[in-house]
Structure formats: structure tokens, C-alpha cells
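Student: Sharing a structure here in C-alpha cells format.
Numbering (the numbering used here), first residue to last: 76 to 244.
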């Protein structure tokens, strides 16, 4: 399993709901957790590894054993506003202040198919919003201010060139 990098089109496609939680889904979730930790991330969405299904793994503490796996997550409530720096494993080297809800309630299924609800704020709320955006084909780049987009234009152009060169090879 490998990370998918900007501007791979899979990052801007909406993921499909998971209909059956089976051993394959559990194995992919475990592999995503390993990759998230190896990459020093705090969250990872399935389309960031090229799998266009609605599954995210999050670990706002970045500690092994503290991960949460969410199947078909949906933000049910969002309140307040906060701005904080974000980055993305699929867009390395790019960071910007992004406005998000300060608190969210997310409903999903766990790997046993049981419903779960998470109400949280702080970094955990930001990570959940960021990863669920991925499942909806939304990159944090689209939430940047024009000034931040301009500041990162060169890096994004380099990533675009690298992607195209790899496609032509």
C-alpha cells in the first residue's frame, strides 16, 4: 500500500460507501494505520491510498494503539469556527491556515459494523473534517486563502510536473 500524491485524480473523486465490512476491509484498515504511522500522519483516508471507498483512520495523538477506524463516516453536527495550520500526507511540504468547525459530531460504523458517534473538538475535530473531506474529493488546497495558494504555487507546479512525468514514463 502506497500514498497517492497530488495531483492524482483519485484525490478529487468521491468515495463510495462500504456495503460490507469483511476481512478485506479490516486488512486495508490495518495497512492504512501502519502507513499513517510510518508517514508520521494523524489521519488517512482510503482514497489517499487509491481505494475509493469511505473509510478513514485517525490518531490525533499519533500514538500506536490510539487509532480509530471509521467506516462510512458522516459529519452530523458542526459548530464554532477555528483556524489552524494543516498539512496533508498527499501534498507533502504544503501547509496553510485553514478554517474549520471547532466541534463536530461524526457518525460512522466501526470494523464490527456497529454504529459509533464521536463528539469532539480541537485537533481531533480538525483531523476528522480533513479526512472526511478527502472522502468527498475535497483537498485542503481548495480551502486555502488566495495568498496561501500563491505562496505554494511553485511547489504545487513541481508536484504537477512530477505526476505528469510519471504518467508518461
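Glycine is no exception: its CB is placed at the ideal position from the N, C-alpha and C atoms.
Around the Cβ of residue 189, are there at least 16 other Cβ atoms within 10 angstroms (buried) or fewer (exposed)?
Tutor: Exposed: under 16 other Cβ atoms inside 10 Å.
Student: Are the CB atoms of residue 173 and residue 115 within a distance shorter than 7 Å?
Tutor: No, they are not a contact pair.
Student: Between which two residues does the alpha helix (DSSP H) harbouring residue 172 extend?
Tutor: No alpha helix (DSSP H) holds residue 172; the beta strand (DSSP E) holding it covers 171-175.
Student: Which same chain residues end up closer than 6 Å to residue 194 when comparing Cβ atoms and leaving out the 5 residues on each side of it in sequence?
Tutor: 180, listed in sequence order.
Student: According to the neighbour-count rule (16 or more other Cβ atoms, all chains shown, within 10 Å of its Cβ), is residue 92 buried or exposed?
Tutor: With fewer than 16 Cβ atoms within 10 Å of its Cβ, residue 92 is classed as exposed.
Student: Tell me where the alpha helix (DSSP H) around residue 202 begins and ends.
Tutor: First-last of the alpha helix (DSSP H) with residue 202: 197-210.
Student: Determine the direct distance from the alpha carbon of residue 78 to that of residue 208, and round the result to whole angstroms.
Tutor: Straight-line Cα distance between these residues: approximately 17 Å.
Student: Between which residues of its own chain and residue 168 is the CB-CB distance below 7 Å, once the five residues before and five after are set aside?
Tutor: Same-chain partners within the cutoff: 230.
Student: Is DSSP giving residue 142 helix, strand or coil here?
Tutor: In this structure, residue 142 counts as coil in the three-state DSSP scheme.
Student: Distance, Cα to Cα, residue 76 vs residue 110?
Tutor: Taking the straight line from one Cα to the other gives about 8 Å.
Student: Hey, could you find the ends of the alpha helix (DSSP H) residue 131 is sitting in?
Tutor: Per DSSP, residue 131 belongs to no alpha helix (DSSP H); it is in the beta strand (DSSP E), 130-133.
Student: In the DSSP assignment, find the unbroken alpha helix (DSSP H) run with residue 88 in it and report its ends.
Tutor: Unbroken run through residue 88: none, as it is neither H nor E.
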